[in-house]
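In the numbering used here, the protein residues as written are 468 to 923.
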C-alpha cells in the first residue's frame, strides 16, 4: 500500500513538471531549491559554531580577507566558465551527438584547469604585494595570520574550479540533484574539524574547506562516470566549438571580474574601518544570502538548459513568456520576504548569533547591516533570471558593460554612505548597485529579444 502511494506521488510529480517548458523549469528549480536548502542549513550551522567560537574578532576578520581573493578567482574564472560552456555544449550535443559534446567538455576542462592552475600560482606568489593593500587596517600580527590562512586556502581555487565545471555538465544533462546536494560536505567537514581540532583555531575552518572540496569532487566524478561522461581531461585541439566557448568566455569573465570586484571593494573598504567591521559585514549578509542563494541557485541551474534549448530553436515567444511569468512570481514573493526580514531583523540576529563571543552590541550593528542588505533581495534574484537569459542568447558583452557601471557606482556610494552609516553604509551601497543592475539588464535583454523576434 505504501509503495503504491509513493509511486502515485512520483507519477503526479512527473505529470506536474513535464507537460511544458515552464513546468520543467519549475520542477528542476524545486529539486535544486530543496537540496540547496539542506546545504544552507548545514552552512548556517557552521556559521553558528564560528560565531560562538570567534565572534567578530580578529580571527574571523583575517579568515574572511584571506578567503576574499580565492573566492574572487573562483567566481570570476571558474564561475564564468559555466555560463560560457553550457549553451555551446548543449547545442553541440543536440546537433552533433554525445561524442562531439564529450570532446568539447574534455577540451574545455583542460583549458579551464590550465588557467586556474596558473592563476593559483600567481595568487600565492604575489600575495605579499596585494594583501597588505586589501587588509589596510590590520595590525602586523593580524596580517601575518591572514597570509598563513591564504596559503592554506589556496588549493581551493583549483578544486572548486573542477566542481563548478563538472556540476555544470551534470546540470546540462538535467541531473540536478547530486550537484545541488554535494556542497553539503564542505560545511559538515568544517564543523567536525572545528569541534575536534580546537587547538587549530580558525585554521581548522580553512582545512575544512579544502577537505570538503576533495570529497565533493569524488562524488561528482562518480556521477559523471555513471552518465558515461569521461571526466579525464584530454586535449583534442582548438576546434570551432572551443573557439565559440572562448569567444563567449572573455566577455563573461570581464563582466564577472567587474561584478565580483564589488565584493572585493566592499571587504577591503570594511577593513579600513574599526576592528570587527569585516566580520560584522559578513554576518549581516548571512541570513540575506540564504534566500538569495536558494532562489538564484535553483533558478540559474534550472533555467539555463531550457533557455538554451529555446534560443537554439528560435522560440522567442516562449522565451518572452517564460521570462515574464517567472519575473512576476519572483518580484511578488521576494517583496513579501523582504518586508518580513525588515520587521524581525534584530530578533533574527539575536536568536542566531548572540551567544559566546557575540555580544548585544554586535547584534545591533549586524541587524542594521542586515536591514540594508535585505532591500536588494527582489532585484538581485530577478536580475539572475535575466543574466541567465543573456548567457543563453550569447550576448555576454551586456554583462560586461553592466558590471563596469556597477563597480563605479559601488565605489562612489561606499565612500559616500560610509561617512553616514559606517560599515552599514557599505551594505546600502550594495543594494543600490543591484537595483541599477536589475534595471539595466532587464532593459537590455528586452531590447535584444525584440530585435531577434522581429528578425526571425
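No residue lacks a Cβ here, since even glycine has one placed at the ideal position from N, Cα and C.
Note that the structure is predicted; figures quoted are calculated from it, not measured.
- Note on geometry: alpha-carbon atoms of residue 752 and residue 675 lie some 21 Å from one another.
- One thing to note: residue 857 has its Cβ within 8 Å of the Cβ of residue 865.
- Within a 10 Å sphere around the beta-carbon of residue 710 sit fewer than 16 other beta-carbons, which makes this residue exposed.
- In the DSSP annotation of this structure, residue 701 is not part of any alpha helix (DSSP H), being labelled neither H nor E.
- Annotation: residue 528 to residue 756 spans about 19 Å, alpha carbon to alpha carbon.
- Straight-line spacing of the CA atoms in residue 582 and residue 809 works out to 42 Å.
- Within the segment 589-630, the complete alpha helix (DSSP H) segments of 4 residues or longer fall at 594-601 and 607-620, listed in chain order.
- When rounded, the separation of the alpha-carbon atoms in residue 679 and residue 654 is 7 Å.
- Shown here, residue 517 sits in a helix according to DSSP, grouped into three states.
- In chain order, 747 place their CB closer than 6 Å to the CB of residue 832, counting only its own chain and leaving out the 5 sequence neighbours on each side.
- Cβ neighbours of residue 896 within its own chain (closer than 7 Å, five residues either side excluded): 877, 880, 881 and 884.
- Residue environment analysis places residue 918 among the exposed positions, since fewer than 16 neighbouring C-beta atoms fall within 10 angstroms of its C-beta.
- Taking C-beta atoms as the reference points, residue 574 and residue 628 fail to come closer than 8 Å.
- Here residue 671 is not near residue 682, since their CB atoms are 8 Å or more apart.
- Cβ-Cβ distances below 7 Å link residue 817 to 830 in the same chain, with the five nearest sequence neighbours on each side left out; the list follows chain order.
- The C-alpha of residue 539 lies about 26 Å from the C-alpha of residue 912.
- Three or more pairs of CB atoms, one per stretch, sit closer than 8 Å, so the segment 838-845 contacts the segment 885-905.
- With 16 or more other CB atoms across the displayed protein chains lying within 10 angstroms of its CB, residue 743 is buried.
- For residue 803, the uninterrupted alpha helix (DSSP H) run begins and ends at 783-810, by DSSP.
- DSSP assignment within the segment 548-594 yields the following whole alpha helix (DSSP H) runs of 4 residues or more, N-terminal first: 565-592.
- If you draw a straight line from the Cα of residue 907 to the Cα of residue 823, it comes to about 44 Å.
- The beta carbon of residue 606 sits closer than 7 Å to none of the beta carbons in its chain outside the five residues before and after it.
- Secondary structure at residue 862: coil, using DSSP grouped into helix, strand and coil.
- Collapsing the DSSP output to three states places residue 826 in coil.
- Taking the Cβ atoms as the reference, residue 734 lies roughly 36 Å from residue 916, outside the contact range of under 8 Å.
- Between residue 745 and residue 531, the C-beta spacing is below 8 Å.
- According to the DSSP assignment, residue 663 belongs to the alpha helix (DSSP H) that extends over 652-663.
- Note on residue 811: under 16 other CB atoms within 10 angstroms of its CB, so exposed under the neighbour-count rule.
- Residue 619 and residue 545 do not touch by the CB rule: their CB atoms are close to 19 Å apart, not below 8 Å.
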